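Here's the structure we're looking at; comments come further down.
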Amino acid sequence: MSPAEPSAASGAEHYFAGEPATPSRRREVVLHLPEGQLVLTTDRGVFSAGEVDVGTRYLLLDAPMPVLDQPLTIADIGCGYGPIALTLARRLPLARVIAVEVNRRARELCQSNADRAGLTNVEVVAPDEVDPHERFDAIYSNPPIRIGKVALHALLSEWLQRLHPSGFAVLVVQKHLGSDSLQAWLEGQGHRTVRLGSRLGFRLLEVRPHPTEEAFP
0 MSPAEPSAAS GAEHYFAGEP ATPSRRREVV LHLPEGQLVL TTDRGVFSAG EVDVGTRYLL
60 LDAPMPVLDQ PLTIADIGCG YGPIALTLAR RLPLARVIAV EVNRRARELC QSNADRAGLT
120 NVEVVAPDEV DPHERFDAIY SNPPIRIGKV ALHALLSEWL QRLHPSGFAV LVVQKHLGSD
180 SLQAWLEGQG HRTVRLGSRL GFRLLEVRPH PTEEAFP
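FYI, the numbering for the sequence shown is 0 to 216, going by numbering that gives the first Met the number 0.
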């Protein structure tokens with residue numbers, strides 16, 4: 000997750016907290032995409048509450064999508080109030096989309112937004128609610144860069160190992176927040192990482208599993 004982070008003065012800077020302390024103040028934002036719009040309820044204390052951020056929109060417009068007619072399992076890691084997860088669920092009606100989020104308020108918003116959109120193929124869960132043996136065909140994420148490098152690396156290591164050998168992840172990362180160093184770190188961990196594009200101050204990265212992770216149970 001990235002660009003237009005709320006300032007500390009807003010009281011909403013800890014969007015990666017499990018229980019936001021910021022008082023609730025819900026509002027609606029509209030995500031405009033070529034296939035139509037999604038009306039999403041947001042709230043204080045969650046990431047990019049004022050509007051769907053630029054990096055997320057870039058990912059949704061430019062990221063490669065899986066084959067439409069396959070019953071895939073796809074994860075959105077750090078789903079927030081759901082723009083990525085819900086868009087994937089709408090584009091891929093046969094897919095099972097697992098929306099993973101540590102922030103309870105964001106999970107509640109994501110679920111209510113999915114219900115309002117009539118999307119029944121979205122499962123909204125906390126990280127510890129995901130079956131440890133669950134594996135994914137794809138992961139899409141605007142990862143929480145501001146949790147810090149050590150925590151971010153641990154988070155990505157945990158979830159990337161859950162990809163099927165033929166799977167892939169697509170990450171969008173703001174350039175000035177370390178996209179190039181993150182790509183170098185991923186490659187250093189043995190992940191095949193390719194820059195798919197770069198615009199609006201963001202990098203779009205495709206990450207393939209480390210070959211040794213094919214033995215994940």
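C-beta: ideal position from N, C-alpha, C; glycine also.
Values in this document were obtained by computation on a predicted structure and should not be read as measured data.
With a cutoff of 8 Å on beta-carbon distance, arginine 194 and leucine 204 are scored as near each other. Here leucine 170 is bridged, per DSSP, to Ser140 and Leu204. Leucine 37 and proline 82 do touch by the CB rule: their CB atoms are close to 7 Å apart, below 8 Å. Annotation for isoleucine 83: the continuous alpha helix (DSSP H) segment containing it runs 82-90. Annotation for cysteine 109: Cys78, Tyr80, Gly81, Ala98 and Val123 place their beta carbon closer than 6 Å to its own, counting only its chain and skipping 5 residues before and after.
Looking at the DSSP output, aspartate 75 bridges to Ala98 and Tyr139.
In the DSSP assignment, the residues bridged to glutamine 36 are His31. Non-local C-beta neighbours of arginine 95 in its own chain, meaning closer than 8 Å and more than five positions away in sequence, comprise Pro70, Leu71, Thr72, Ile73, Asn120 and Glu122, ordered along the chain. Check the Cα spacing between leucine 60 and each of Ala48, Ala183, Pro19 and Glu34: the tightest is with Glu34. Serine 111 places its beta carbon less than 8 Å from that of threonine 40. Per DSSP, the beta bridge partners of arginine 198 are Phe201. Less than 8 Å divides the Cβ of alanine 168 from the Cβ of alanine 137. Within a 10 Å sphere around the beta-carbon of arginine 25 sit fewer than 16 other beta-carbons, which makes this residue exposed. Just measuring C-alpha positions, the residue of Leu118, Lys148, Leu159 and Pro126 sitting nearest leucine 91 is Leu118.
A Cβ-Cβ contact shorter than 8 Å links phenylalanine 15 with valine 101.
Contact between glutamine 188 and histidine 163 fails: their C-beta atoms lie close to 18 Å from each other, not under 8 Å.
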